[in-house]
Amino acid sequence: MAGPSSFDSTKAQLDWMEAAEQEVAQDDLAALLLETRGVLEKLAEGNLKLGTWQMVLWQPRWVFASTEALCYQKITADERPIGKEKRIPFSDVQMIEELEFGEFVLQCSKRDYTFKAPDEVKCQVFVNNLRQLRERWRLSSSR
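Residues 1 to 143 (UniProt numbering) are what the sequence shown spells out, left to right.
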């Protein structure tokens, strides 16, 4: 009986490469999710307007990404998450825009969500990662 054909050998190599690529993609996803978390400030809705002045309220929140949404929760004084988790599904996000001073906004169909990172580098990481996660979500939901 003849040994494995070159076709079988090539198929086995291609299967191995596909499995390795999937493993790398999962590792990349895990790294994205780990990097896209931390304490940020969220701009409160309904800020008070006094003539030409506007008072804004920034609320500290524990913010983290999942494969389907950006999530956030209230935090305690020692920065532990408490209360109900709120989600901004990637399906609702029309645009992710980086602003100045470490701020970024998620423009959604019904409202905008503005967040402020501790510094501009952390802001850039969040914006880039959220864009990648939203694109991954789009690709997976279109299959």
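We treat Cβ as the ideally placed atom computed from N, Cα and C, and that holds for glycine. Quick caveat, the model's predicted, so the values are computed rather than measured.
{"Query": "Specify the secondary structure class of lysine 49 as computed by DSSP and reduced to three states.", "Result": "strand"}
{"Query": "So within the UniProt domain \"PH\" (34–137), which uninterrupted beta strand (DSSP E) runs reach at least 3 residues, ignoring any that extend past its ends?", "Result": "37–43, 48–50, 53–55, 58–65, 69–75, 81–89, 93–98, 103–108 and 112–116"}
{"Query": "State the CB to CB distance for the pair lysine 49 and cysteine 71, rounded to an integer number of angstroms; the pair is presumed to be in contact (CB under 8 Å).", "Result": "Contact flag wrong, Cβ pair sits at about 30 Å."}
{"Query": "With DSSP run on the structure shown, which of helix, strand or coil describes serine 9?", "Result": "helix"}
{"Query": "Using a Cβ-Cβ cutoff of less than 7 Å, which residues in the same chain neighbour isoleucine 75 once the five nearest sequence positions on both sides are dropped?", "Result": "Val39, Pro60, Arg61, Trp62, Pro81 and Ile82"}
{"Query": "Please say whether tyrosine 113 and valine 121 have beta carbons closer to each other than 8 Å?", "Result": "no"}
{"Query": "Taking the straight line between their C-alpha atoms, what separation do you get for leucine 139 and lysine 84?", "Result": "29 Å"}
{"Query": "Quick one: what's got a C-beta closer than 8 Å to lysine 110's C-beta in the same chain, skipping five residues either side?", "Result": "Asp92"}
{"Query": "Which residues in the same chain as tryptophan 58 place their Cβ atom closer than 8 Å to its Cβ, once the five residues preceding and following it in sequence are excluded?", "Result": "Glu41, Lys42, Leu43, Ala44 and Lys116"}
{"Query": "According to DSSP, is serine 141 helix, strand or coil?", "Result": "helix"}
{"Query": "By alpha-carbon positions, which one of Asp119, Glu103, Arg37 and Ser9 ends up nearest to asparagine 129?", "Result": "Arg37"}
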